[in-house]
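Each position in the sequence shown, counted from 1, maps to that position plus 121 in our numbering. Positions of the beta carbon are idealized from the N, C-alpha and C atoms, including for glycine. Just so we're clear, the structure is a prediction, and the values are computed from it rather than from any experiment.
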Amino acid sequence: MELRPLGKTGIVVSRLGYGASPLGGEFGVIDEDEGIRSVHRAIDLGIRLFDVAPYYGRTRAETVLGRALAGRRDEVVLCSKVGRYGKDDFDFRPERILPGLEESLERLGTDHLDLVIVHDIEFRPLAPILEATIPALVRAREQGKVRAIGVSGLPLGVLERAVDGAELDFVLSYCRYTLQDRSLTDSLMPKVRRKGMGLLNAAPLAMGLLTQFDPPPWHPAPLAVVHACKAAARHCAERGADLADVALAFALANSEIDSTIVGMPTIAQVERNLKACLTPADPVLVAEIEEILAPVRGVSWPSGLPENQD
Ligand code: NAD
Numbered sequence: 122m123e124l125r126p127l128g129k130t131g132i133v134v135s136r137l138g139y140g141a142s143p144l145g146g147e148f149g150v151i152d153e154d155e156g157i158r159s160v161h162r163a164i165d166l167g168i169r170l171f172d173v174a175p176y177y178g179r180t181r182a183e184t185v186l187g188r189a190l191a192g193r194r195d196e197v198v199l200c201s202k203v204g205r206y207g208k209d210d211f212d213f214r215p216e217r218i219l220p221g222l223e224e225s226l227e228r229l230g231t232d233h234l235d236l237v238i239v240h241d242i243e244f245r246p247l248a249p250i251l252e253a254t255i256p257a258l259v260r261a262r263e264q265g266k267v268r269a270i271g272v273s274g275l276p277l278g279v280l281e282r283a284v285d286g287a288e289l290d291f292v293l294s295y296c297r298y299t300l301q302d303r304s305l306t307d308s309l310m311p312k313v314r315r316k317g318m319g320l321l322n323a324a325p326l327a328m329g330l331l332t333q334f335d336p337p338p339w340h341p342a343p344l345a346v347v348h349a350c351k352a353a354a355r356h357c358a359e360r361g362a363d364l365a366d367v368a369l370a371f372a373l374a375n376s377e378i379d380s381t382i383v384g385m386p387t388i389a390q391v392e393r394n395l396k397a398c399l400t401p402a403d404p405v406l407v408a409e410i411e412e413i414l415a416p417v418r419g420v421s422w423p424s425g426l427p428e429n430q431d
């Protein structure tokens, strides 16, 4: 597994990262023991970055990941988040996130996070996040509780404003560098690279849309996007291919991205995704899929406050 420096943090991440939201049951019923085995298999195969959040399964994902990492914490770069605690439960105030961070550390069985993310910043006004949330995390970094600080969200404009307004170490963007949406490359990616910050691309399968299977019922994509992705999956099946393999190989080929984070709660998916990581996508098939997805290319969905939709 190729390792890469995460911006100027001094932290090294694997090109393929493990997303732990499915361990919280976010994508349907989860077999916790199999989830734990998938974490062990991922570590054994060289995956170093593990991303989780208190929001995933409302703390369940952190608890399961903590169990999986018992005795293996030092082998991984561990990332969790602050500020989002339920679908509509956001609280970015220092008096909430600092105790929240301690609770995450306890669930994860560790005394520090390598990476901490202010989770889905588009859901609250940005100014207090810049003026209070991030400075509180800088103090946590000085105390050795976290090593690097980032933000995440879906709309790219608010992520850019955060990059301009705070001394961040890295950014996590999701569903914005996939076969269906490449808007991450428009201006956030060049800005992040210019500043020497780290860049994480999460959900390269568009949260399950770019697979042979049905997406979860909560998926926020417009129906036109869902239908186009289904057509792409059917096309892959006719060609004897698997859309997830192509989607992952496509995302992993971008060398401007430090790590691509995929949810993969079974050993079979870890092994399959690692293989996709080592096998370049067939350019002819990619071109055919791009043609099928062209009518919905870059089509996203609203997320967060009206002022943060850009
Ligand atoms: P994803 O695009 O990684 O898709 C995950 C889904 O695809 C799961 O159902 C998984 O079981 C399935 N899958 C994985 N490999 C497969 C394969 N080879 N074939 C078929 N199906 C396969 O979506 P995600 O899990 O939401 O995103 C990855 C991670 O990124 C998350 O777990 C989370 O850690 C992080 N993330 C963060 C944010 C944020 O900070 N706001 C948002 C989204 C994701």
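Whole-angstrom Cβ separation of residue i and residue j, contact assumed at under 8 angstroms?
| i | j | result |
| --- | --- | --- |
| LEU137 | ASN394 | 7 angstroms |
| PRO325 | THR306 | About 14 angstroms separates the two Cβ atoms, so there is no contact after all. |
| MET328 | GLU377 | Rounded, the Cβ-Cβ distance is 22 angstroms, inconsistent with contact. |
| SER380 | SER135 | 6 angstroms |
| ARG169 | LEU124 | 7 angstroms |
| LYS312 | GLU281 | 6 angstroms |
| PRO220 | ALA253 | Not a contact, Cβ separation roughly 15 angstroms. |
| GLU155 | THR387 | 6 angstroms |
| VAL347 | PRO337 | Not really, about 11 angstroms apart at Cβ, beyond 8 angstroms. |
| ARG297 | SER308 | Going by Cβ atoms, the distance from ARG297 to SER308 rounds to 11 angstroms, so no, they are not a contact pair. |
Please classify residue i as buried or exposed, where buried requires at least 16 neighbouring CB atoms within 10 angstroms.
| i | result |
| --- | --- |
| GLN264 | exposed |
| ARG315 | exposed |
| VAL405 | exposed |
| GLY149 | exposed |
| GLY436 | Residue 436 lies beyond the range of the chain shown here (122 to 431); nothing can be said about it. |
| ASP241 | buried |
| MET122 | exposed |
| PRO427 | exposed |
| ALA191 | exposed |
| GLY271 | buried |
| ALA389 | exposed |
At a cut-off of 7 angstroms, would you count residue i as near ligand 1, judging by its Cβ distance to the nearest heavy atom?
| i | result |
| --- | --- |
| LYS202 | yes |
| GLN264 | no |
| ALA324 | yes |
| ILE242 | no |
| PHE148 | yes |
| LEU280 | no |
| ARG158 | no |
| GLY384 | yes |
| MET122 | no |
| ILE218 | no |
| ASN394 | yes |
| ASP172 | yes |
| GLY329 | yes |
| GLN301 | no |
| PRO143 | yes |
| THR184 | no |
| ILE168 | no |
| GLN430 | no |
| TYR295 | yes |
| ILE238 | yes |
| ALA269 | no |
| LEU362 | The sequence as given places Ala at residue 362; Leu does not occur at that position. ALA362: no, Cβ never under 7 angstroms from ligand 1. |
Mind checking whether residue i and residue j have CB atoms under 8 angstroms apart?
| i | j | result |
| --- | --- | --- |
| ALA323 | TYR295 | yes |
| ASP320 | VAL292 | According to the sequence as given, residue 320 is Leu; it is not Asp. The answer is yes: Cβ separation under 8 angstroms. |
| GLN430 | PRO246 | no |
| MET385 | SER201 | no |
| GLY145 | ALA189 | no |
| THR332 | ALA365 | yes |
| VAL417 | ALA368 | no |
| ASP290 | THR130 | yes |
| VAL197 | ILE218 | no |
| ASP172 | ILE413 | no |
| GLU223 | GLY178 | no |
| ILE255 | VAL279 | no |
| ALA287 | LEU236 | no |
| ARG205 | ALA163 | no |
| PHE211 | PRO249 | no |
| GLY361 | PHE244 | no |
Compare the C-alpha of residue i against each of the options and name the closest.
| i | options | result |
| --- | --- | --- |
| GLY167 | VAL391, PRO427 and PRO404 | VAL391 |
| SER421 | ALA345, HIS233, GLU155 and GLU123 | ALA345 |
| GLY230 | GLU155, ARG193 and GLU281 | ARG193 |
| ALA342 | GLY286, ALA372, CYS357 and GLY419 | GLY419 |
| PRO423 | VAL259, ASP195, TYR177 and GLY274 | GLY274 |
| ASN375 | ALA402, LYS396, ASP363 and GLU359 | ALA402 |
| ALA415 | THR184, ALA352 and ILE157 | ALA352 |
| ILE132 | ASP212, ALA269, PRO143 and ASP210 | ALA269 |
| LEU186 | HIS161, GLY361 and GLY317 | HIS161 |
| GLN301 | ALA372, HIS340 and GLY271 | ALA372 |
| ILE410 | SER308, ARG355, CYS398 and ALA389 | ARG355 |
| LEU199 | GLU153, ALA141, ILE151 and ASP152 | ALA141 |
| ALA408 | GLU153, CYS357 and TRP339 | CYS357 |
| GLU153 | THR184, VAL259 and ASP195 | THR184 |
So with Cβ pairs under 8 angstroms, would you call residue i a contact of chain D?
| i | result |
| --- | --- |
| THR130 | Absent here is chain D; the protein component of the structure consists of one chain. |
Check whether the Cβ of residue i sits closer than 7 angstroms to any heavy atom of ligand 3, and report yes or no.
| i | result |
| --- | --- |
| PHE334 | Questions concerning ligand 3 fall outside what the structure shown contains, since the ligands it does hold are ligand 1. |
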